[in-house]
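So the sequence shown is numbered by the numbering used here: it starts at -14 and just counts up by one. We put the beta carbon where it would ideally sit given N, CA and C, even for glycine.
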Amino acid sequence: MASRIKWSNKITTSQVEQLIRAERDVQRAMLIFDSATAEYSNGFRHDEKTFSLIILKLVSANQFWTAEELLQRMKEEQCNLTEDIFLSICRGYRRVHRPLDSLR
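Here it is, written out as structure tokens:
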């Protein structure tokens, strides 16, 4: 998917965080997240804050599969996976009465 967002010359994690926070639509927030790395494939890397924000948005929209895929991506990119990020997914599954799904 081509990037639809025009980024400044030097993108920062705080810019990405701000855009993700401001976006109410989860799919658009995911587009922002993905386009940041597509635009700067040789330089920009998400950190635990940007991963955490998008994962929280996905969990709040019951998009657990995508959130879990991002956990795997964090591991592959050697990004610090905090306990808070993991617990947010567990709490999301609890909220929809599927706590055992968080153990797979």
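Does residue i pass the burial test, meaning 16 or more other C-beta atoms within 10 Å, or should it be called exposed?
i, result
"H82", "exposed"
"T35", "buried"
"G77", "buried"
"S(-1)", "exposed"
What is the DSSP secondary structure of residue i, counted as helix, strand or coil?
i, result
"T(-3)", "coil"
"E8", "coil"
"V81", "coil"
"L66", "coil"
"R76", "helix"
"F29", "coil"
Just to confirm my understanding: we take residue i, look at its own chain, exclude 5 residues before and 5 after, and list those with CB closer than 8 angstroms. What are they?
i, result
"E33", "M59, C64, N65, L66, T67 and I70"
"L55", "F36, I39, I40 and L43"
"I17", "I(-10), V1, L4, I5 and E8"
"F49", "L43, I74, G77, Y78 and D86"
"E53", "I74"
Assuming residue i is part of the alpha helix (DSSP H), what are its boundary residues?
i, result
"M52", "Looking at the sequence itself, residue 52 is Ala, so the reference to Met does not match. Counting along the chain, the alpha helix (DSSP H) containing A52 begins and ends at F49 to E61."
"F36", "E33 to S45"
Between residue i and the rest of its own chain, which residues show a CB-CB distance below 6 angstroms, the 5 nearest in sequence each way excluded?
i, result
"A46", "V11"
"T51", "L43"
"M(-14)", "Low local confidence applies: a pLDDT of 42 at M(-14) is under 50, so the model's placement there is unreliable, and no value is given."
Going by the C-beta, is residue i closer than 7 angstroms to any heavy atom of the ligand SAH?
i, result
"R6", "This structure does not include the ligand SAH; it has no bound ligands of any sort."
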